[in-house]
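If you're matching positions, the sequence shown starts at 0 in numbering that gives the first Met the number 0 and goes up one per residue. Structure first, then comments.
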Amino acid sequence: MSGRPAAFLGLGAIGAPMAARLARRGALTVWNRTRSRAEEFARANRARSAATPREAAAGADVVITCLPTSREVEALLDGPDGLLAGLAPGALLLDCTSGDPATSRRIAAELAGRRVAFADAPVSGGTNGAEAGTLTIMVGADETTFARARPILEAMGSRVEHVGPVGAGHALKAVNNALLAINILAVGEALAAAVKAGVPARAALDVINVSSGRSFVSETLVPERVLTGAWPRTFRLALLEKDVGIARDLLRETGIEGPVIDLAGELFGRARAALGESADYLDAIRLIESQGGVEIRG
Ligand code: NDP
Numbered sequence: 000m001s002g003r004p005a006a007f008l009g010l011g012a013i014g015a016p017m018a019a020r021l022a023r024r025g026a027l028t029v030w031n032r033t034r035s036r037a038e039e040f041a042r043a044n045r046a047r048s049a050a051t052p053r054e055a056a057a058g059a060d061v062v063i064t065c066l067p068t069s070r071e072v073e074a075l076l077d078g079p080d081g082l083l084a085g086l087a088p089g090a091l092l093l094d095c096t097s098g099d100p101a102t103s104r105r106i107a108a109e110l111a112g113r114r115v116a117f118a119d120a121p122v123s124g125g126t127n128g129a130e131a132g133t134l135t136i137m138v139g140a141d142e143t144t145f146a147r148a149r150p151i152l153e154a155m156g157s158r159v160e161h162v163g164p165v166g167a168g169h170a171l172k173a174v175n176n177a178l179l180a181i182n183i184l185a186v187g188e189a190l191a192a193a194v195k196a197g198v199p200a201r202a203a204l205d206v207i208n209v210s211s212g213r214s215f216v217s218e219t220l221v222p223e224r225v226l227t228g229a230w231p232r233t234f235r236l237a238l239l240e241k242d243v244g245i246a247r248d249l250l251r252e253t254g255i256e257g258p259v260i261d262l263a264g265e266l267f268g269r270a271r272a273a274l275g276e277s278a279d280y281l282d283a284i285r286l287i288e289s290q291g292g293v294e295i296r297g
């Protein structure tokens, strides 16, 4: 995209490091609801900060959004300072939010009427992957839009996959994160029981991770963040609960019975109510620890 101006809206935990990689590639304008964050970003990176979504989109060939849910993305479109007022015919909107397929199809249809292309392009790989530019990006779009989006997304991800039409990226991201949520709960429960049965957590994981029960949660997340007691805050539990909710809706719409995903959604719903909006997703394991009166460390 070098030379072609881009805009990035939503400088949160994952949006900021993604935008920082884009800023190294060419002209970038950023917008954030809390403007001081955009100004701070512009000072630290080669970027300009805009006062409104409209100002950010004006003159941009590609506009990228990364907000909590599709609701916030849709809300950004309208009004005198909204994105629609700034997006020029021929522009491309890439939504990297972990959003929901139905809203994205609605947004795509509205934009198509203005000759603006749209792709849903949610990401996986966490804030570390965003900093390193090694995200996996799952894209829902038509072929032409995907071909246009690909070089921009490659500035942020090492694996950019076209997974289907508009909405398909969000559907895949939701089921991926439902699997993540299930794994977090399952590994937390299993390790709590192993520790109580007299197996040190580190020894239990060492064996699980060369056995059939291993997963990304057991191989990476728990050793790096739970056993060490580091508990970094990188991904809000509220956002993971939202993702499982999108997966549950998807199962209902597709007529698939999903008692396991449903239960994970209910448990994360309870964790969100108990821990609040700023808790980290792995705090779900802290709840299991406190309910079981056990610590998973080592
Ligand atoms: P954060 O909660 O850290 O940041 C949210 C961003 O959205 C902030 O820039 C915030 O602005 C902005 N925002 C919130 N509400 C509104 C609103 N009503 N209108 C305009 N802007 C708003 O979220 P993340 O960056 O972690 O996540 C963003 C998306 O990426 C989510 O869909 C998430 O599920 C997904 N994701 C996150 C990952 C992670 O590891 N963190 C991994 C993969 C996907 P302000 O600064 O003003 O609060």
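Don't be surprised by glycine CBs; every beta carbon is placed ideally from N, CA and C.
Using C-beta distances below 7 Å, list every residue in its chain close to Asn208, excluding the 5 sequence neighbours before and after it, in chain order.
Ser217 and Glu218
Could you check if Ala15 is buried or exposed, using at least 16 other CB atoms within 10 Å of its CB as the buried criterion?
buried
Are the segment 95-102 and the segment 66-73 touching by the rule of at least three beta carbon pairs closer than 8 Å?
yes
Only counting the same chain, and skipping five residues up and downstream in sequence, which positions put a Cβ closer than 7 Å to that of Arg47?
Thr28 and Ala41
Less than 6 Å between the CB of Val122 and some heavy atom of the ligand NDP, yes or no?
yes
Taking just the CA atoms, how far does Asp94 sit from Ala118?
6 Å
Distance, Ala154 Cα to Ser1 Cα:
Summary for Ser1: the model assigns pLDDT 48, below 50, so the residue's position carries little reliability; its value from the coordinates is reported in the next sentence. About 10 Å.
Only counting the same chain, and skipping five residues up and downstream in sequence, which positions put a Cβ closer than 7 Å to that of Leu220?
Leu281
So, helix, strand or coil for Ala116, using DSSP?
strand
Helix, strand or coil: how does DSSP classify Ser1 here?
Legend: pLDDT at Ser1 = 48, less than 50; position of this residue unreliable, no value from coordinates given.
Cβ contact (3+ pairs, closer than 8 Å) linking the segment 74-92 and the segment 53-64:
yes
Please identify the residue among Leu152, Gly112, Arg53 and Ser277 whose C-alpha is closest to the C-alpha of Thr133.
Leu152
Glu71 beta carbon near the ligand NDP (any heavy atom closer than 6 Å)
yes
DSSP beta-bridge partners for Gly139?
Asp119 and Gly163
If I follow the unbroken beta strand (DSSP E) through Asp99, where does it start and stop?
Careful: Asp99 lies outside any beta strand (DSSP E) and carries neither H nor E.
Expressed to the nearest angstrom, what Euclidean distance is found between the alpha-carbon atoms of Glu252 and His169?
14 Å
Inspect the beta-carbon positions of Arg271 and Leu236 and report whether they are closer than 7 Å.
yes
Verify the CB distance criterion: does Thr68 have a CB-CB separation below 7 Å to chain C?
No chain C appears in the structure shown, which is made up of a single protein chain.
Could you tell me which residues DSSP puts in a beta bridge with Trp230?
Answer by DSSP bridge pairing: none, since Trp230 is not bridged.
Ala87 burial status per 10 Å Cβ neighbour count (16 or more: buried):
exposed
Using CA coordinates, which residue listed in Pro67, Glu54, Val174 and Gly58 is at the minimum distance from Gly78?
Glu54
My output table needs one value for Val198: the three-state DSSP class, helix, strand or coil.
coil
Quick one: using the 10 Å Cβ neighbour count with 16 as the cut-off for buried, is Gly197 buried or exposed?
exposed
Just tell me which of Ser157, Asn44, Thr33 and Leu66 has its CA closest to the CA of Ser50.
Residue 50 is actually Ala in this sequence, not Ser. The shortest C-alpha separation from Ala50 is found at Thr33.
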